[in-house]
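K.L.:
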Amino acid sequence: MTTGSQALRAAFPAARPRRLRAGATMRRMVRETRLSPDQLILPMFAVPGRGVEAPIAALAGHSHLSPDLLAARAARAFDDGVPAVLLFGVSEHKDALGSGGHDPDGAVQRAVAAVKDARPEMVVITDVCLCAYTDHGHCGVVVDDAVDNDLTLDVLARVALSHAEAGADVVAPSDMMDGRVGAIRAALDGDGHSGVAIMSYAAKYASAFYGPFREAAGSAPGFGDRRGYQMDPANVREALREVALDVGEGADMVMVKPAATYLDVIRAVRDTTSLPLAAYHVSGEYAMLMAAAERGWLDERRAALETLTGIVRAGADLVITYHAERAARWLREEEA
Ligand code: PBG
44 MTTGSQALRA
54 AFPAARPRRL
64 RAGATMRRMV
74 RETRLSPDQL
84 ILPMFAVPGR
94 GVEAPIAALA
104 GHSHLSPDLL
114 AARAARAFDD
124 GVPAVLLFGV
134 SEHKDALGSG
144 GHDPDGAVQR
154 AVAAVKDARP
164 EMVVITDVCL
174 CAYTDHGHCG
184 VVVDDAVDND
194 LTLDVLARVA
204 LSHAEAGADV
214 VAPSDMMDGR
224 VGAIRAALDG
234 DGHSGVAIMS
244 YAAKYASAFY
254 GPFREAAGSA
264 PGFGDRRGYQ
274 MDPANVREAL
284 REVALDVGEG
294 ADMVMVKPAA
304 TYLDVIRAVR
314 DTTSLPLAAY
324 HVSGEYAMLM
334 AAAERGWLDE
344 RRAALETLTG
354 IVRAGADLVI
364 TYHAERAARW
374 LREEEA
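Numbering of the sequence shown is given in our numbering, commencing with residue 44 and proceeding in unit increments.
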């Protein structure tokens, strides 16, 4: 019988993992996780008008863009290798029912059409939610100070339909109402849009990391918080249940959100579903990294690529990231 330290001595110096780290070419050969621009999805914020570009302070490098400028920037991203955008609408027109969300002339509907016009092959995904369109900022219809699940489903379905009519390839419901995937699928199929896919924000947590986004979308809740519909950050089994329900209702892809603080959730979902899995590296995660980079405390490029690699290593097929454009360029440079 050999003791632990004898075994160690016998293995060494035969076992020298450093041999495979000796040069860049070798490291490239034995790399287990490969990040590709094909996996990146760029979030963008559409506002009404023409020629509008208003930088978003908390999201360095990102702006509110009118449909014309949004389409031009999306086209550049596509030409740089980013295959898809995720579009959010920002609206001044807010009411109790979030009816601005299904305005056929809304900023997001126009932006969808403009991107498809500029780059027909680019995949256009739209966020389906009411929070940017309700006067109370909640993701659904409020009755007696609580979000009413079933009343919200009809409105969400109308929003998804308006996006499909504008030309969206994929709709992505982010509201976290029960049954929304089924309701949206039925509405799309009933109206001749059976080819439009659904990427569900299946496991979306009530996170502190959405702060910069809510500022950008003007969608912070006017009272209370979102814990009555978004998930408790402490739960992972519940995420698997949410994913299973959405898959059962017809989701084509599922998402975990946020990403970097939820790598175990990404792994658990990866191991239990065969559908493509997206992870959303959200506004607060991006802002944290960018703030540190701006102070010179982190190297943006290395920290961003390491973060994205970690998310993919955990099991994500796709990453929604505010770094998408730069990451696509960095990855191309590394290839060269
Ligand atoms: C809308 C929505 C939010 C995000 C995506 N869709 C905000 C929220 O739920 O409050 C957050 C995205 C980000 O932080 O980048 N419901």
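All residues carry an ideal CB built from backbone N, CA and C; glycine is no exception.
Compare the Cα-Cα distances from R93 to each of L112, T304 and M333 and report the closest residue.
P.N.:
L112
K.L.:
Looking at the structure shown, is S217 part of a helix, part of a strand, or coil, going by DSSP?
P.N.:
coil
K.L.:
With a threshold of 8 Å, are at least 3 pairs of Cβ atoms found where one atom belongs to the segment 117–137 and the other to the segment 68–77?
P.N.:
No, the segment 117–137 is not in contact with the segment 68–77.
K.L.:
Candidates E378, Y365, G353 and R372: which alpha carbon is nearest E75's?
P.N.:
G353
K.L.:
Have a look at A115 and S109 and give me their C-alpha separation to the nearest angstrom.
P.N.:
10 Å
K.L.:
Look at the Cβ atom of Y323, then the Cβ atom of M298, and state whether they are nearer than 7 Å.
P.N.:
The Cβ atoms of Y323 and M298 lie closer than 7 Å to each other.
K.L.:
Checking the sheet assignment: what are the DSSP bridge partners for Y305?
P.N.:
The partner list for Y305 (beta bridge, DSSP) is empty, contrary to what the question assumes.
K.L.:
Which stretch, first to last residue, makes up the beta strand (DSSP E) that contains F266?
P.N.:
Element bounds for F266: n/a, residue is neither H nor E.
K.L.:
Should V125 and A302 be called a contact, given that it needs their Cβ atoms to be closer than 7 Å?
P.N.:
no
K.L.:
For the segment 331–345 against the segment 305–316, do three or more pairs of beta-carbon atoms, one drawn from each stretch, fall closer than 8 Å, so that the two count as touching?
P.N.:
Under the 8 Å Cβ criterion, the segment 331–345 does not count as touching the segment 305–316, having fewer than three qualifying pairs.
K.L.:
Can you tell me the Cβ-Cβ gap for G183 and S262, rounded? I've got them flagged as a contact below 8 Å.
P.N.:
The C-beta distance from G183 to S262 rounds to 12 Å, too long to fall under 8 Å, and the pair is not in contact.
K.L.:
Is there at least one non-hydrogen atom of ligand 1 closer than 6 Å to the beta-carbon of S243?
P.N.:
no
K.L.:
Which one of Y305, A156 and A161 has the shortest CA to CA distance from F252?
P.N.:
Of the listed residues, the one whose Cα sits closest to F252 is Y305.
K.L.:
Count the other C-beta atoms from every protein chain shown that fall within 10 angstroms of the C-beta of F55, then say buried if there are 16 or more, exposed otherwise.
P.N.:
exposed
K.L.:
Given 6 Å as the limit, tell me if Y248 has its C-beta closer than that to any heavy atom belonging to ligand 1.
P.N.:
no
K.L.:
Under 8 Å by Cβ, that's how I've got Y365 and K300 pegged, so tell me the actual separation to the nearest angstrom.
P.N.:
Between K300 and Y365 the Cβ distance is about 13 Å, and since that is not below 8 Å, they are no contact.
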